[in-house]
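**Student:** Just so we're aligned: the sequence shown equals residues 92 to 190 in this note's numbering.
Quick reminder that beta carbons are idealized off the backbone N, C-alpha and C, glycines included.
Just so you know, these numbers come straight off a predicted model, no measurement behind them.
Input: one structure, supplied below.
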Amino acid sequence: MKNKSVDSALLLTCLKDNKIMTIGELRNTLGNQCRMTVFRKLSVLGYISSYSHSGKYYSLKRTARYNKYGIWSYKSVLFSKNGTLKNTMKFLIDYSENS
Numbered sequence: 092m093k094n095k096s097v098d099s100a101l102l103l104t105c106l107k108d109n110k111i112m113t114i115g116e117l118r119n120t121l122g123n124q125c126r127m128t129v130f131r132k133l134s135v136l137g138y139i140s141s142y143s144h145s146g147k148y149y150s151l152k153r154t155a156r157y158n159k160y161g162i163w164s165y166k167s168v169l170f171s172k173n174g175t176l177k178n179t180m181k182f183l184i185d186y187s188e189n190s
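Below, the structure written as C-alpha cells:
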C-alpha cells in the first residue's frame with residue numbers, strides 16, 4: 092500500500108508542473124486509483140475545478156492568478172473564485188451594477 096503523503100506529494104508536483112489536469116490524468120498519475128481517492132487527495136491540497144469545459148479541469152487554489160473579476164484563464168480553460176458559471180455570472184452582474 093502506498094504512503095498517502097507520497098500520493099499527495101506526487102499530485103502536488105504534477106499540478107505545479109502542468110498547472111491544470113483532467114481527472115483521468117490525475118488518476119494515471121496515481122496509478123489509476125478510483126476518482127474518489129483522487130478527490131480526497133486533491134481536497135487536502137486545496138483544489139479548484141474549471142467552470143468551462145464542463146468542469147473537466149482541476150488546478151491548485153494557490154496556482155490561480157485571478158483578474159479583478161475573479162476569473163483565471165489558462166490555455167482557454169476558465170476558473171472562477173465564485174466556482175460555478177452561474178455564481179460567476181451573478182457576481183459579474185452584481186459587480187457591473189455597482190460600478
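#1: Under the rule that 16 or more other beta-carbon atoms within 10 Å means buried, what is Val-135, buried or exposed?
#2: Quick one: Cα of Trp-163 to Cα of Glu-116, how far?
#3: Could you check the C-alpha separation between Ala-100 and Ser-150 for me, to the nearest Å?
#4: Quick one: using the 10 Å Cβ neighbour count with 16 as the cut-off for buried, is Met-92 buried or exposed?
#5: Contact defined as beta carbons within less than 8 Å: I believe Tyr-160 pairs with Leu-133. What is the distance between those atoms, to the nearest angstrom?
#6: Can you list, in chain order, the residues of its chain whose CB lies under 6 Å from that of Leu-176, leaving out five sequence neighbours each side?
#7: Could you tell me whether the Cβ atoms of Thr-154 and Leu-106 are closer together than 8 Å?
#8: Suppose you measure from the CA of Phe-170 to the CA of Ser-140; what does that come to, to the nearest Å?
**Tutor:** On the basis of the data shown:
#1: Here residue 135 is taken as the residue at index 44 of the sequence shown, counted from 1. Exposed, since its Cβ has fewer than 16 Cβ neighbours within 10 Å.
#2: Locating residue 163 in the sequence shown gives position 72, where the first residue counts as 1. Locating residue 116 in the sequence shown gives position 25, where the first residue counts as 1. Computed Cα separation, rounded: 21 Å.
#3: Numbered from 1 along the sequence shown, position 9 holds the residue referred to as residue 100. Numbered from 1 along the sequence shown, position 59 holds the residue referred to as residue 150. Rounded to whole angstroms, Ala-100 to Ser-150 spans 14 Å at the Cα level.
#4: The count along the sequence shown starts at 1 and reaches residue 92 at position 1. Caution applies to Met-92, whose pLDDT of 47 falls short of 50 and renders its modelled position unreliable; the value that the coordinates give is listed next. Under this definition Met-92 is an exposed residue.
#5: In the sequence shown, the residue the question calls residue 160 occupies position 69. In the sequence shown, the residue the question calls residue 133 occupies position 42. With 8 Å as the limit, Tyr-160 and Leu-133 do not qualify as a contact, their Cβ atoms being about 25 Å apart.
#6: As a first step, residue 176 is located in the sequence shown; it is residue number 85 there, counting from the start. Counting only residues of its own chain and dropping the five nearest sequence neighbours on each side, Leu-176 has a CB closer than 6 Å to the CB of Tyr-142.
#7: Against the sequence shown, residue 154 aligns to sequence position 63. Against the sequence shown, residue 106 aligns to sequence position 15. Yes, these two residues count as a Cβ contact at 8 Å.
#8: Position 79 of the sequence shown holds residue 170. Position 49 of the sequence shown holds residue 140. Their backbone Cα atoms lie some 7 Å apart in a straight line.
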